[in-house]
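Comments concern the structure below.
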Amino acid sequence: MGKLQSKFRKRSELYRASQAEKTDNTFDSQVVQYEPAHHGSINTVTTLSPDLCVSGGSDQAVVVYDWKQGRMCQSFQGHNREVTKVICYPGSTWIFSASRDKTVLMWDLNQGDEPIQEFCGHELVVNGLAISPDGRKLCTGSRDNWMCLWDIESAKCEQRHNISRNLVTHVCWVPASSSIVQTSEDKTVRVWDSRVWQVTNTFPAKQYIQTHCDVSPNGNYLVSSSNGFGGQGCEATLWDLRQPGCKVVEYRGHLQTTACCVFLPMHPGGTARVATSSHDSSVKIWDQHTAVCLGTLSLEGAGPLVSLAPSDSSNLLCASFNNGLHHVQVDQGPQQAQGSGAGGAGGLDVKVVARF
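First residue of the sequence shown: 1, per the UniProt record's numbering; consecutive thereafter.
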């Protein structure tokens, strides 16, 4: 690991030096440039620790990156097609990655660069990954209509359930419960009971494909995002999980598919917030309960922004198709719409401070 880190550190220093020469570009002159984590588009990003993130993309690599120091820590090579999702088990060094190669691989940052477990059985791309709160079970969902429950230690599939047209797009485990939530291309949100491996609730179908979902830390709320175009169907929806199927508010404002939606950690003394990212190359921050847009970040040329990973109430990581990973800073204060992408329609200053 030490030799690998030293090699990437040197490459990162050379890359930053070369980028420092780009003074004619407003974006580059305002944003710290680190060595790119990937070659090609990035499909997914999550946090492993307060300093480390994990990402995956079209280059088939699973990359662990110190986003605060601007250096790559590890690159795992094991998939033979692009990586679609990555998740980590909180408080551990476990990493799980799903791929278009139909497999899920398990890695441990402290156990070398080979996968320590492989989960095989899906017939199409795996888009959903979730770990049980106790760290013993793994839930996977695929475009093959199957939802599967695995024992992590043995990598054996313990439960399988196929629902026609349930092309899974994302999966979340509800904190401190046995419930799992999943979104689907059939426009519905389903809640599963992992103890009996049956659907316990199906939310009213939306007008468009449901692309992503997230559950609030207290387990009370779910947010799901929608496919769409021309401003139609591009919303995210807040649901009350205590009243299944009860829609609370909708977050409207994106012009193309809303690809990702996440709850942000609470700012001390602040209001609850939701962040969304879209194919329209923008990130929006919303008041969770009033659906007022508090700030917008526009990244022209970055292409679809398909994944968000909050680190704390002020720092957010964003994956893009064209321009790698972005460290987004969300600050309370006066509107400062300066440079490329800085903006705050509702009192927040949302800006990119680093790219890698």
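Where is the CB? At the ideal position from N, CA and C, for every residue including glycine. Note that the structure is a prediction, hence the values are computed from the model and not measured.
Item, Value
"Taking Gln117 as part of the beta strand (DSSP E), name the residues at either end of that continuous run.", "Gln117 to Phe119"
"Return the Cβ separation of Val249 and Ala291 in integer angstroms, given the expectation that the two are a contact with Cβ distance under 8 Å.", "4 Å"
"Could you tell me which of Leu138, Val168 and Val223 sits nearest to Val159, measuring between CA atoms?", "Residue identity differs from the one stated: residue 159 is Gln in this sequence, not Val. If we check each option's Cα against that of Gln159, Leu138 comes out closest."
"Taking DSSP as the reference, what is the three-state secondary structure of Gln159?", "strand"
"What three-state label does DSSP hand Gln33 in the structure shown?", "strand"
"Going by Cα to Cα distance, which pick from Cys260, Ala130 and Phe263 is closest to Ser87?", "The sequence given here has Ile at residue 87, not Ser. Of the candidates Cys260, Ala130 and Phe263, the one whose C-alpha sits nearest the C-alpha of Ile87 is Ala130."
"Is it the case that the Cβ atoms of Thr93 and Leu105 are separated by a distance below 7 Å?", "no"
"Pick out the complete beta strand (DSSP E) segments inside the region 78–146, 3 residues or longer, and give them in chain order.", "83–88, 94–99, 104–108, 117–119, 126–131 and 137–142"
"Could you tell me the distance, in whole angstroms, from the CA atom of Gly141 to the CA atom of Val168?", "5 Å"
"Going by DSSP in three states, Ile180 sits in which element: helix, strand or coil?", "strand"
"Does the separation of the CB atoms of Val32 and Ala319 fall below 7 Å?", "no"
"At the level of alpha carbons, what is the spacing between Gln288 and Leu241?", "15 Å"
"Measuring alpha carbon to alpha carbon, tell me which of Pro217, Trp107 and His170 ends up nearest Ser97.", "Trp107"
"Of the residues Gln232, Asp312, Cys213 and Arg100, which one's Cα is nearest the Cα of Trp239?", "Cys213"
"How big is the Cα-Cα spacing for Ala342 and Asp280?", "Confidence is the limiting factor: at Ala342 the pLDDT is only 47, short of 50, which leaves the residue's position unreliable and the question unanswerable from this model."
"Which runs of the beta strand (DSSP E) spanning at least 3 residues fall entirely within the region 216–301, listed in chain order?", "221–226, 236–240, 246–251, 258–264, 273–278, 282–287 and 293–298"
"For Asp66, which residues in the same chain have their Cβ closer than 8 Å to its Cβ, ignoring the five residues on either side in sequence?", "Asp51, Leu52, Met72 and Cys73"
"When the Cα of Ile152 is compared with those of Gly295, Ser226, Ile95 and Thr46, which residue comes out closest?", "Ile95"
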